[in-house]
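Residue numbers (my numbering), protein chains in the order written: chain F, 1341 to 1621; chain P, 61 to 356.
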């Protein structure tokens, strides 16, 4: 690798300066070490989270047999799946509308549509709490999974703008001549949409959907304000466990959640180059 | 791009579901909070909007809350400053690395985003608590140096439940958010300017201060805003790492909406946070329009 060759250091070869590499390495270590130890100690025999006493998977069994934890997990997955499906559909549709049409106050509208991305989570959380508790229904004592609808509605509200932003940025690279060629060759507008534009959007749609999934699965603050005693999600349940005590069972539960989101994210990264994930607003 | 007038039905079909959701489940809830912030609590569950400003006056006038607001601001500002300090060299290095390693480094920066905030905060508790790794390491050093014979048994440091813990937590959680806009900006920087500056005799340090920093200012401003706003409104980090000793606005808001059940006051505090957000976004838009061309 060119990085290791021993030629003279050019002034702009910052990637070969040992102090910069050492520094960046140290920062990455600090960034990841707490998470790695958290995962490692989920396999620790000792209940005390500090000394290694041998390998075990008993904490995973304990978490597995913790009914309320599993219920919360099922709730989280259910909410995430429904929220992802709806967010993706309405997010993609809005992206297409914004890409294709010119209309009055468009830039203002685009700013508004990106607002859920930038509004502080706590404001969104309390707004949802006030909305659902004082204004409109969605009681949390309905039968499962209808009792999750308030949380799901809130999750869609903050997820779909991300889908819109990602798909919109993907569409801005679309070559309009392709659509024109398709229509010149006799395809209807609908056929052009499904056979030309949709395949082009697809990586953006998948990346957006995976992002919506992790956002919903990971959300704590907004869910914390919209969930009732019977509608705990996984992060809210883990929060109550963390407040109570620091046990390897929490580590095991966290490790499972990390695994799911990391795998989802790695998939998403394959579909979208990382610099496009950054919302532009 | 088509004018919406020419194809109204298609336009509405595509734009309506998203607009509906945005209006009903985002704008209206926020409008309710906004209205509540001018309201009065008449009974336990009833609030009347009377147009009073008493909650804003209380939030900005009562020394207890004013103190928490200032504390939130300076803690967020300090943490943002450290994030910038830590992230700039990382972004700089990544933009000078080529090929596969660049993708790996970028992925490594982005990955913590998707690890649950709660879990990352929890991981820090294990590091900082009195029986945590830092104290464990310190105790080991203490005993190895035989200091327990001189000064008595090791006293674990109280690293959690204070302002320092919250600031460290904020830096830890939000630092990756700072790297991306900086990276995007440095990547776009024409490196021949740096060469020219060095060729003309400026030192590396001077080149950095007089060329790199001014030219990547849009990225710096973006990064600061992207990090400062969520820090200011953070709830979980001060809640778990700060305990009752180091509360921020987010914790006060949460208490008003849950335990204290004083929606109007909580709403006023939330909207102070919203106004700060709008101000920051306006600042960013203003800065972007001023330095058009190399906006991030």
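Ideal Cβ positions, reconstructed from N, Cα and C, are used throughout, including at glycine.
From a predicted model like this one, the values you see are computed outputs, not experimental measurements.
{"query": "Rounded separation between residue 148 (chain P) and residue 170 (chain P) - CA only", "result": "15 Å"}
{"query": "Coil, strand or helix - residue 1608 (chain F) by DSSP", "result": "helix"}
{"query": "Inter-stretch contact (C-beta, 8 Å, three-pair minimum) for the segment 1585-1599 of chain F and the segment 1393-1409 of chain F", "result": "yes"}
{"query": "Which residues DSSP lists as bridging residue 229 (chain P), in chain order", "result": "Paired residue(s): none; residue 229 (chain P) is not in a bridge."}
{"query": "Cutoff 9 Å: residue 1363 (chain F) Cβ touching any chain P Cβ", "result": "yes"}
{"query": "For residue 1606 (chain F) and residue 1579 (chain F), the rounded distance between their alpha carbons", "result": "26 Å"}
{"query": "Residues of its chain near residue 351 (chain P), where Cβ-Cβ distance is below 6 Å and the 5 sequence neighbours each way are ignored", "result": "278"}
{"query": "Endpoints, alpha helix (DSSP H) assigned at residue 1377 (chain F)", "result": "1358-1380"}
{"query": "Through-space distance from residue 1570 (chain F) to residue 354 (chain P), alpha-carbon basis", "result": "Note that residue 354 (chain P) scores 49 on pLDDT, short of 50, meaning its location in the model is unreliable and no value can be drawn from it."}
{"query": "The segment 1461-1474 of chain F / the segment 1513-1528 of chain F touching (three or more Cβ pairs under 8 Å)", "result": "no"}
{"query": "Below-9 Å beta-carbon distance, residue 354 (chain P) vs any chain F residue", "result": "Below a pLDDT of 50, predicted positions are generally treated as unreliable, and residue 354 (chain P), at 49, falls in that range; the measurement from the model is reported next regardless. Taking Cβ atoms only, chain F never reaches closer than 9 Å to residue 354 (chain P), which makes this a no."}
{"query": "Beta-carbon proximity list for residue 88 (chain P), same chain, < 8 Å, skipping 5 on both sides", "result": "none"}
{"query": "Any C-beta of chain F under 9 Å from that of residue 213 (chain P)", "result": "no"}
{"query": "Of the listed residues F:1555, F:1443, F:1428, nearest to residue 66 (chain P) (C-alpha basis)", "result": "F:1443"}
{"query": "Rounded Cβ spacing between residue 289 (chain P) and residue 1458 (chain F) (contact assumed at less than 8 Å)", "result": "7 Å"}
{"query": "Three-state secondary structure assigned by DSSP to residue 310 (chain P)", "result": "helix"}
{"query": "Beta-carbon proximity of residue 1367 (chain F) to residue 175 (chain P), cut-off 9 Å", "result": "no"}
{"query": "Rounded straight-line distance, which links the Cα of residue 243 (chain P) to that of residue 275 (chain P)", "result": "12 Å"}
{"query": "Within-9 Å CB hit, residue 1349 (chain F) to chain P", "result": "no"}
{"query": "Reduced DSSP category for residue 1443 (chain F) - H, G, I as helix; E, B as strand; rest coil", "result": "coil"}
{"query": "Contacting positions in the segment 129-156 of chain P - beta carbon closer than 7 Å to chain F", "result": "146, 149, 150, 152, 153, 156"}
{"query": "Complete alpha helix (DSSP H) runs within the segment 231-265 of chain P (minimum length 4 residues, chain order)", "result": "251-259"}
{"query": "Outcome for residue 1342 (chain F) when other beta-carbon atoms lying within 10 angstroms are tallied against a minimum of 16", "result": "Reliability of the predicted coordinates at residue 1342 (chain F) is poor, the pLDDT of 49 falling under 50, and the value obtained from them is presented with this limitation in mind. Exposed is the call here."}
{"query": "Residue interval of the alpha helix (DSSP H) (run including residue 283 (chain P))", "result": "277-292"}
{"query": "Reduced DSSP secondary structure (H/G/I, E/B, other) of residue 107 (chain P)", "result": "strand"}
{"query": "Buried or exposed by the 16-neighbour rule on C-beta atoms within 10 Å, applied to residue 368 (chain P)", "result": "Any property of residue 368 (chain P) remains undetermined from this structure, which presents chain P solely from 61 to 356."}
{"query": "Residue 1638 (chain F) at chain P interface by Cβ criterion, 9 Å", "result": "Beyond the ends of chain F as shown, which are 1341 and 1621, falls residue 1638 (chain F); an answer cannot be given."}
{"query": "Cβ of residue 183 (chain P) within 9 Å of any chain F Cβ", "result": "yes"}
{"query": "CB contact check: residue 1532 (chain F) to chain A, cutoff 9 Å", "result": "Included in the structure are the protein chains F and P, with no chain A among them."}
{"query": "Bridge partner(s) assigned by DSSP for residue 62 (chain P)", "result": "F:1441"}
{"query": "Residue 1353 (chain F) in three-state terms, based on DSSP", "result": "coil"}
{"query": "Closest by C-alpha distance to residue 98 (chain P), when choosing among P:85, P:144, P:112, P:191", "result": "P:112"}
{"query": "9 Å Cβ cut-off: residues of chain P touching residue 1558 (chain F)", "result": "174, 175, 176, 177, 178, 179"}
{"query": "Backbone CA spacing between residue 1610 (chain F) and residue 1369 (chain F) [nearest angstrom]", "result": "24 Å"}
{"query": "Close Cβ partners of residue 310 (chain P) (< 7 Å) along its chain, the five nearest in sequence each way excluded", "result": "293, 294, 295, 298"}
{"query": "Chain-ordered neighbours of residue 1443 (chain F) on chain P, where CB pairs are closer than 9 Å", "result": "63, 64, 65, 71, 75"}
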